[in-house]
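**Q**
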Amino acid sequence: MIKAIILDFAGAMIAAKGQQYSELIDEFLKNSDVKSEEEAVAFYKDELTKLEAVSQGENYMTVDEMEDKIITTAIEKYNLKKDRKQMHTLLQNFWMYGPIHDDVREFFAKCTLPVYILTNHSEDYIHVVIRRNGLHPYGILSAENYKVSKPSPAFFAKAGEITSYDNSEVLYVSSDLDTNVKEANDAGLNAVLLDRKRLHRNTKCKRVRSLVEILANLNQ
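The working numbering numbers the first residue of the sequence shown as 20 and each following residue consecutively.
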């Protein structure tokens, strides 16, 4: 029986659209050798995934530190000429002031189970987002508090400790199939793939097309 739900901040809540996102992409394209939005997004995700994989213990890095490294790589690899502090501010603005997905507010309003937000970002980012959007999570699970980044199983294993439920009683929701969903399942959580764009029709894992669909499956 599911007794709590954990939403992945980047992989379930934040939408890649809006003014902050457009400004970030436009400045990257205008000031580097990157030719398309798709190339820019793929570069960022690939570099972030590499850094998250080693970010634990003595090697732990905050997302801000990871993004500084990504910007440095973009300067070296793509001849990025935008001031690094300005580029970092654009990234911060996207995470804090960009739009959330359309189904997030309805999910929070209708869900009767405690809902937690899991993130590699600082809690400061999350507090800005939830205040702006009138959301009321039961708690925030930030990697900064444990010095280990998801998708490390060690971070997912903290879910039961924080929620006070067994991992088997916790539902974890993310749009990232290859890392977050698989690692969360390995940690004993009930991981569900949020496939809003229906890109993974043939996957064998549990899959939903919206957060509201989760509520229907829970008979709420």
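Yeah, the Cβ is synthetic: ideal placement off N, Cα and C, and Gly gets one too. Here the structure is a predicted model, which means the values were calculated and not measured.
Where does G76 sit, in a helix, a strand or coil, going by DSSP?
**A** For this step, residue 76 is matched to residue 57 along the sequence shown. In the structure shown, G76 sits in a helix (DSSP, three-state: H, G or I).
**Q** Using the rule of at least 16 other Cβ atoms within 10 Å of the residue's Cβ for burial, across every protein chain shown, is I24 buried or exposed?
**A** In the sequence shown, residue 24 corresponds to position 5, counting from 1. Counting Cβ neighbours within 10 Å, I24 comes out buried, since at least 16 surround it.
**Q** Name, in chain order, the residues that DSSP records as bridge partners for N209.
**A** In the sequence shown, counting from the first residue as 1, residue 209 sits at position 190. DSSP lists L190 as partners of N209.
**Q** Measuring straight from C-alpha to C-alpha, what distance separates S241 and K22?
**A** Residue 241 lies beyond the residue range present for the chain, which begins at 20 and ends at 239; the question has no answer from this structure.
**Q** Whole angstroms is fine: what's the gap from F127's alpha carbon to D121's?
**A** The residue given as residue 127 occupies position 108 in the sequence shown. The residue given as residue 121 occupies position 102 in the sequence shown. Looking at the two C-alpha atoms, the distance is approximately 11 Å.
**Q** Provide the residue span of the beta strand (DSSP E) that contains V134, from first to last.
**A** Taking the sequence shown and counting its residues from 1, the one referred to as residue 134 is at position 115. Taken as a continuous stretch (DSSP letters only), the beta strand (DSSP E) holding V134 covers 134-138.
**Q** Excluding the 5 residues preceding and the 5 following G37 in the sequence, name in chain order all residues of the same chain whose CB lies nearer than 6 Å to its CB.
**A** Numbered from 1 along the sequence shown, position 18 holds the residue referred to as residue 37. Hits under 6 Å: G117, P118.
**Q** What residue range does the beta strand (DSSP E) around I119 cover?
**A** On the sequence shown, position 100 is the one that residue 119 refers to. Taken as a continuous stretch (DSSP letters only), I119 belongs to no beta strand (DSSP E), as it is neither H nor E.
**Q** Enumerate in chain order the residues of its own chain whose CB-to-CB distance from I181 is below 8 Å, with the five nearest sequence positions on each side excluded.
**A** In the sequence shown, residue 181 corresponds to position 162, counting from 1. Result list for I181: Y135, G158, L160, in chain order.
**Q** Is A61 helix, strand or coil by DSSP?
**A** As a working mapping, residue 61 is identified with position 42 in the sequence shown. Helix.
**Q** Per the contact definition of three or more C-beta pairs closer than 8 Å, is the segment 169-188 in contact with the segment 204-214?
**A** Yes, the segment 204-214 touches the segment 169-188.
**Q** Taking the alpha helix (DSSP H) that A235 belongs to, which residues open and close that run?
**A** The residue you call residue 235 lines up with position 216 of the sequence shown. Its alpha helix (DSSP H) spans residues 230-236.
**Q** Below 8 Å between beta carbons: does that hold for T68 and T198?
**A** Working through the sequence shown from its first residue, we reach residue 68 at position 49. Working through the sequence shown from its first residue, we reach residue 198 at position 179. Cβ distance < 8 Å, so T68 and T198 count as in contact.
**Q** In terms of residues, what are the limits of the beta strand (DSSP E) holding C48?
**A** As a position in the sequence shown, residue 48 is number 29, starting the count at 1. Position check: residue 48 holds Leu in this sequence, whereas Cys was assumed. Taken as a continuous stretch (DSSP letters only), L48 belongs to no beta strand (DSSP E), being part of the alpha helix (DSSP H) at 38-49.
**Q** Roughly how far, in whole angstroms, is the beta-carbon of E42 from the beta-carbon of L109, given that I think they are within contact range, below 8 Å?
**A** Translated into positions along the sequence shown, residue 42 becomes position 23. Translated into positions along the sequence shown, residue 109 becomes position 90. With a Cβ gap of about 6 Å, E42 and L109 count as contacting.
**Q** Quick check: the Cα distance between A35 and V148, rounded to an integer number of angstroms?
**A** In the sequence shown, residue 35 corresponds to position 16, counting from 1. In the sequence shown, residue 148 corresponds to position 129, counting from 1. Using only the alpha carbons, I get a separation of about 14 Å.
**Q** Need the endpoints of the beta strand (DSSP E) that L128 sits in, please.
**A** Working through the sequence shown from its first residue, we reach residue 128 at position 109. One detail in the question is off: residue 128 reads as Ala in this sequence, not Leu. Where A128 is concerned, there is no enclosing beta strand (DSSP E), although the alpha helix (DSSP H) it sits in stretches over 123-129.
**Q** Using a Cβ-Cβ cut-off of 7 Å (strictly less than) and excluding sequence neighbours within five positions of L70, which residues of its own chain qualify?
**A** Along the sequence shown, read from residue 1 onward, the residue named residue 70 stands at position 51. Here the set comprises M80, M85, K88.
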